[in-house]
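Each residue of the sequence shown is one higher than the one before, counting from 325 in the numbering used here.
Even glycine gets a Cβ: it sits at the ideal position worked out from N, Cα and C.
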Amino acid sequence: MKNLFLRIPITFLALLFILTHALAADKSYVVRIDNFFGGPVHKTHNEYELRGEIAYLGNSPLESIRIHYQIDDQEAGTEFFDNIGVYPYVPFRYAVSEKWIPEVEGEYEIKIWFSELNGGNIDEGVSDTVSVYVEVYDQLAERQMALLESFSSINCGSCALVTPALRKIVDENPDNYAMIYYHPMHYESSPLYLFNPKDQNIRRDYYDVFYTPWSAIGNLYTGGSEGVEDMLMQLELQKWSGFSLDGSWHAENDSLYIVVEGEIFVNTYGKDYRLLIAGIEESVHFDEPPGSNQEKDFYHVMRFFAPDAQGTKLTAGDSKNTFLQTIEMPWFETLEPENMKLIAFVQEMSSTEISQVVQLDHQSPEDEDDTTNIAEFSENRNPFLIFPNPANQFIRLKGDMNGILPEQIMVFDLQGRHIKTRQNTDYIDLGDISSGIYYLLIQSGSSVYREKISIIR
325 MKNLFLRIPI TFLALLFILT HALAADKSYV VRIDNFFGGP VHKTHNEYEL RGEIAYLGNS
385 PLESIRIHYQ IDDQEAGTEF FDNIGVYPYV PFRYAVSEKW IPEVEGEYEI KIWFSELNGG
445 NIDEGVSDTV SVYVEVYDQL AERQMALLES FSSINCGSCA LVTPALRKIV DENPDNYAMI
505 YYHPMHYESS PLYLFNPKDQ NIRRDYYDVF YTPWSAIGNL YTGGSEGVED MLMQLELQKW
565 SGFSLDGSWH AENDSLYIVV EGEIFVNTYG KDYRLLIAGI EESVHFDEPP GSNQEKDFYH
625 VMRFFAPDAQ GTKLTAGDSK NTFLQTIEMP WFETLEPENM KLIAFVQEMS STEISQVVQL
685 DHQSPEDEDD TTNIAEFSEN RNPFLIFPNP ANQFIRLKGD MNGILPEQIM VFDLQGRHIK
745 TRQNTDYIDL GDISSGIYYL LIQSGSSVYR EKISIIR
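Here it is in structure tokens:
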């Protein structure tokens, strides 16, 4: 995107309400706007949903209310919600039926306010007006995964009740959802916390965790873990992303080796995007419960950040919008690589918005001959020139093929899912594949070559 935008980040909107409410002491509102579920970036010619969460602060149930919304200086729209029937302070999650479809790149301001509470006057505002800023681009990546961060305690009874429900949401969608389970309450001398207290504290303080159980889905949702639903994870996954990620890791000779690469599609000026890599132990078992809530089995447990929980800042250049991060650090001998996952994600630190998530491929040294792993395919030098790359509509192979066409050209996504195959050709049409990074596998004779391609539109 050529223009540089000065953008107020989408933050937890309840804080914005408190600030504006304090500045306007002569006006008292009875509806609090807590969350907005739309993403901070969006792709042109695609529907953008206006969804969020409010709470009525009165003494009787919330039965009906009208939302008003305005995009830049366009005519404001409204929608009336009735038969709501939720009690005061209980969240009401709304979705506007009319979709916004931006046609041009740029930064847009969306204003939202409410009126006509429980049969009241349509012209009488009952909430503050909040502004959400959305940057629209022609080229963006699809979300690869959604991340749930859960903060818990071995002495918290309600944590033991909530945690299985959170784990079920994630474990039933392993290709789409990832989870990091923290134990941040250091005064308990938790054996899980003591493994890496520094990283535990950084994430706890970053989200201002002050009680448990507590969960965060980036900027989409922060609060009590009992409020997490599969619907919230789906909404996070439906957002567009300004980044694509791919990478692998392996542990060998008491060292951990990590490679992460990706592309940047958004303007990073004035932002603090960080690449973070979390080491997750899939399951931890104790013969005797370490805490008072009698839990003995824990899952998706945070063990370390690589190299630390501060992450690596990502900045888009004038001509180069790709990045490569390589890490070598000591391996923790008490951990078994087969029981570990490494989750890489990009987070904007001022807004807490998580832009992209991926589970890194584990490449065991003893699996070098296993061709079922896409990352292990191309050991030989690829004799083919892939042109163009990045591509828009097609890719053609050039090189000394001795008049013999490759048996197959295959496209896989970064999770190894098969997308498309062409046989006995040096050409493959990419027009029906979404923008992003993919693997191109070329089968020629007894050899299979792997190359990474970018599709940009």
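Exercise. Indicate whether S759 and I779 have their beta-carbon atoms separated by less than 7 Å.
Key: yes
Practice problem: Evaluate the contact criterion for the segment 662 to 669 versus the segment 589 to 603: three or more CB pairs, one atom per stretch, below 8 Å. | Solution: Verdict: yes, contact present.
Quiz item: Roughly how many whole angstroms lie between the Cα atoms of Y773 and G363?
Solution: 37 Å
Self-check item: Reduced DSSP category for S439 - H, G, I as helix; E, B as strand; rest coil
Solution: Strand.
Quiz item: Which value, in whole angstroms, describes the spacing of the CA atoms of N663 and K492?
Solution: 18 Å
Quiz prompt | Backbone secondary structure at Q618 - three-state DSSP | solution = coil
Exercise. Please name the residue in N383, V456, T368 and G444 whose C-alpha comes closest to that of I395.
Key: Measuring from the Cα of I395, the nearest candidate turns out to be V456.
Practice problem: Look at the alpha carbon of Y353 and the alpha carbon of A379, and state the distance between them as a whole number of angstroms. | Solution: 11 Å
Quiz item: Starting from R746 and walking both ways along the beta strand (DSSP E), at which residues does that stretch end?
Solution: H742 to Q747
Exercise. Taking only the alpha-carbon atoms, compute the straight-line gap between N525 and A540 and give it to the nearest angstrom.
Key: Rounded to the nearest angstrom, the two C-alpha atoms are 15 Å apart.
Self-check item: Cα-Cα separation, N697 to D611
Solution: Any reading at N697 needs caution, since the residue's pLDDT is 43, under 50, leaving its predicted position unreliable; the model's value is listed next. Each residue's Cα considered, the two are about 35 Å apart.
Practice problem: Decide if D694 is buried, meaning its Cβ has at least 16 other Cβ atoms within 10 Å, or exposed. | Solution: Note that D694 scores a pLDDT of 43, beneath 50, so its modelled location is shaky and nothing firm can be said.
Quiz item: How would you write the range of the beta strand (DSSP E) that A540 sits in, first residue to last?
Solution: Segment W538 to I541, the beta strand (DSSP E) holding A540.
Quiz item: Around the C-beta of E692, are 16 or more other C-beta atoms found within 10 angstroms, so that it is buried, or is it exposed?
Solution: Residue confidence is low: E692 scores 43 on pLDDT, short of 50, so the model does not pin down where it sits. Its coordinate-derived value is still stated next. Answer is exposed; the Cβ neighbour count stays below 16.
Self-check item: Entirely enclosed beta strand (DSSP E) segments - the segment 475 to 551, minimum 3 residues
Solution: Secondary structure within the segment 475 to 551: the beta strand (DSSP E) runs of 3 or more consecutive residues, fully enclosed, are 501 to 506, 538 to 541 and 545 to 548 (chain order).
Self-check item: Contact the segment 432 to 448 vs the segment 537 to 551: 3+ CB pairs below 8 Å
Solution: With a cut-off of 8 Å, the segment 537 to 551 and the segment 432 to 448 do not count as touching, because too few Cβ pairs lie within range.
Quiz item: By DSSP, does P661 sit in helix, in strand, or in coil?
Solution: helix
Quiz item: DSSP state of M557, grouped into three classes?
Solution: If DSSP states are grouped into helix, strand and coil, M557 belongs with the helices.
Exercise. Measure the alpha-carbon distance for P654 versus S579 and round it to whole angstroms.
Key: 4 Å
Quiz prompt | Environment of T639 [buried if 16+ CB atoms lie within 10 Å] | solution = Result: exposed.
Self-check item: S455 Cβ short of 6 Å to the ligand SAM heavy atom set
Solution: The ligand SAM is not part of this structure, which contains no ligands at all.
Practice problem: Would you identify the three-state DSSP class for Q562, choosing helix, strand or coil? | Solution: Reduced to three states, the DSSP call for Q562 is helix.
Practice problem: Report yes if the C-beta distance between T646 and E550 is below 7 Å; otherwise report no. | Solution: With a cutoff of 7 Å on beta-carbon distance, T646 and E550 are scored as not near each other.
Quiz prompt | Assigned secondary structure, K294 (DSSP; H/G/I helix, E/B strand, else coil) | solution = This structure leaves residue 294 out entirely; the chain is present only between 325 and 781.
Self-check item: Within 7 Å, strictly: CB atoms of P679 and S568
Solution: Note that residue 679 corresponds to Ser in the displayed sequence, not to Pro. No, the Cβ-Cβ distance between S679 and S568 is not below 7 Å.
Exercise. Have a look at A715 and Y762 and give me their C-alpha separation to the nearest angstrom.
Key: Distance between the alpha carbons of A715 and Y762 is about 11 Å.
Exercise. For the segment 577 to 623, list the beta strand (DSSP E) runs that are entirely contained and at least 3 residues long, ordered along the chain.
Key: 579 to 588 and 597 to 609
Practice problem: Reducing DSSP to helix, strand and coil, say where W655 ends up. | Solution: When DSSP states are grouped into helix, strand and coil, W655 belongs to the coil group.
Quiz item: So what does DSSP say about K367, is it helix, strand or coil?
Solution: strand
Exercise. Would you list the one or two residues that DSSP bridges to I777?
Key: Y762
Practice problem: Put S771 into one of helix, strand or coil per three-state DSSP. | Solution: Three-state DSSP puts S771 in a strand.
Self-check item: Length at least 4, wholly inside the segment 400 to 449: the alpha helix (DSSP H) runs in chain order
Solution: Taking only runs of at least 4 residues, no alpha helix (DSSP H) segment lies wholly in the segment 400 to 449.
Quiz item: Within this structure, are the beta carbons of E429 and V460 separated by less than 7 Å?
Solution: yes
Practice problem: Quick one: give me the first and last residue of the beta strand (DSSP E) that A630 is part of. | Solution: Where A630 is concerned, there is no enclosing beta strand (DSSP E), given that its DSSP letter is neither H nor E.
Quiz item: Looking at the C-beta of I504, does it have a partner C-beta in chain B at a distance below 7 Å?
Solution: Among the protein chains of the structure shown there is no chain B, as only one such chain exists.
Quiz item: Does DSSP classify A668 as helix, strand or coil?
Solution: strand
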